[in-house]
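**Q** Residue numbers in the sequence shown follow this note's numbering, run continuously in steps of one, and reach 216 at the last position.
Don't be surprised by glycine CBs; every beta carbon is placed ideally from N, CA and C.
Keep in mind the model is a prediction, meaning the values are calculated, not measured.
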Amino acid sequence: MEKINIQRLKETLKYLESKQRELKRNSDSDTRSIESMIKYLKKDMMEQFKLSEHDEAIKHVIRDTETFIQTVENIIEENS
């Protein structure tokens, strides 16, 4: 993965992490819009950065945001 793409992936991951924290903070209120945003963001990251080419298992963890974040962090570390 190119250095520019790694930087963009890091920034996108930070945004995803912030939305995940927001979702946890607002667990009592209506969080459907945040959940939808997270779902879309993960799908977009998969397509834009071709993450499955770097870790085949990421397809199986996409539903679990915490594991997805950890897997993306590993991909970034391996490609930095």
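Going by alpha carbons, who is nearest to K178 out of T207, Q143, E138 and N215?
**A** Among T207, Q143, E138 and N215, the Cα nearest to that of K178 is on T207.
**Q** Please state the DSSP three-state secondary structure of M137.
**A** M137: coil per DSSP, three-state reduction.
**Q** Compute the Euclidean distance between the alpha carbons of D180 and K195, then round it to the nearest angstrom.
**A** Rounded to the nearest angstrom, the two C-alpha atoms are 13 Å apart.
**Q** How big is the Cα-Cα spacing for K160 and I198?
**A** Going by the C-alpha atoms only, they are around 18 Å apart.
**Q** For the alpha helix (DSSP H) that R168 lies in, which residues bound it at each end?
**A** Where R168 is concerned, the enclosing alpha helix (DSSP H) stretches over R168 to F185.
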